[in-house]
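Quick notes on the structure that follows.
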Amino acid sequence: MASDAHTWNLVFIQLLLEDLGHEVVNLGPCVPEEEIVESCAKHQPDLLVISSVNGHGCRDAKPLIGALRARPDLDGLPVVIGGKLGISQDRREEQARELMAAGFDAVFQDGVDLASFETFVGALPKEVTR
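Sequential numbering of the sequence shown, starting at 1, is according to full-length UniProt numbering.
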């Protein structure tokens with residue numbers, strides 16, 4: 001997302017997804033919302049992974065998921081978000097519910113074991129059928 005400048009987590013996620021058999025287009029850090037949406041339209045991925053470490057993930061992700069879900073050509077695109085999604089540990093469950101209600105298919109909060117993400121990814125079809 002545009003406000004998140006981390007790089008290592010993006011490389012880790014890329015390597016993990018590639019190990020799970022997926023081709024990855026890593027857009028890098030600080031990517032504007034419109035660039036993410038247009039890249040998804042161009043590449044038609046089988047999954048979009050949004051990662052946040054700055055604590056603004058919940059706030060910044062809602063407009064992004066709204067823009068993605070508004071595009072008919074991206075209908076059915078699985079979109080997940082993970083990382084440090086807020087600055088308050090007390091709101092973790094509430095934030096996860098908000099993000100799911102906004103249109104995310106899964107939320108992986110900071111500290112969730114990696115196996116749950118791998119299980120989610122493993123259940124995805126390897127080919128796009130939109």
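Idealized CB from N, CA, C, for every residue including glycine.
Contact set for residue i: own chain, Cβ-Cβ below 6 Å, skip 5 residues either direction
i, result
"valine 108", "Here residue 108 is phenylalanine; the residue named in the question, valine, does not match the sequence. Cβ neighbours of phenylalanine 108 beyond the five flanking positions: Gly82 and Phe117."
"valine 25", "His43"
"leucine 74", "Cys40 and Leu68"
"glutamate 18", "Val24"
"methionine 1", "Asp60"
Buried or exposed (CB count within 10 angstroms, at least 16 for buried), residue i
i, result
"threonine 119", "exposed"
"isoleucine 87", "exposed"
"leucine 99", "buried"
"aspartate 4", "buried"
"alanine 123", "exposed"
"alanine 96", "buried"
Same chain, Cβ closer than 8 Å to residue i, five either side skipped, listed in chain order
i, result
"glycine 28", "Thr7 and Leu10"
"leucine 48", "Ile36, Cys40, Leu68, Leu77, Pro78, Val79 and Val80"
Own chain, CB closer than 7 Å to residue i, minus 5 neighbours either side, in chain order
i, result
"phenylalanine 104", "Ile65, Val79, Val80 and Ile81"
"proline 32", "Ala2"
Straight-line gap, residue i to residue j (C-alpha atoms, nearest Å)
i, j, result
"glycine 111", "aspartate 60", "20 Å"
"cysteine 58", "glutamine 89", "13 Å"
"leucine 16", "valine 121", "10 Å"
"arginine 71", "glycine 55", "27 Å"
"alanine 102", "aspartate 113", "23 Å"
Coarse secondary structure for residue i, derived from DSSP in three states
i, result
"glutamine 14", "helix"
"serine 88", "coil"
"valine 24", "coil"
"residue 214", "This structure leaves residue 214 out entirely; the chain is present only between 1 and 130."
"glutamine 109", "strand"
"glycine 103", "coil"
Whole-angstrom C-beta distance between residue j and residue i, which should lie under 8 Å
i, j, result
"serine 52", "isoleucine 13", "The Cβ separation is near 12 Å, so there is no contact."
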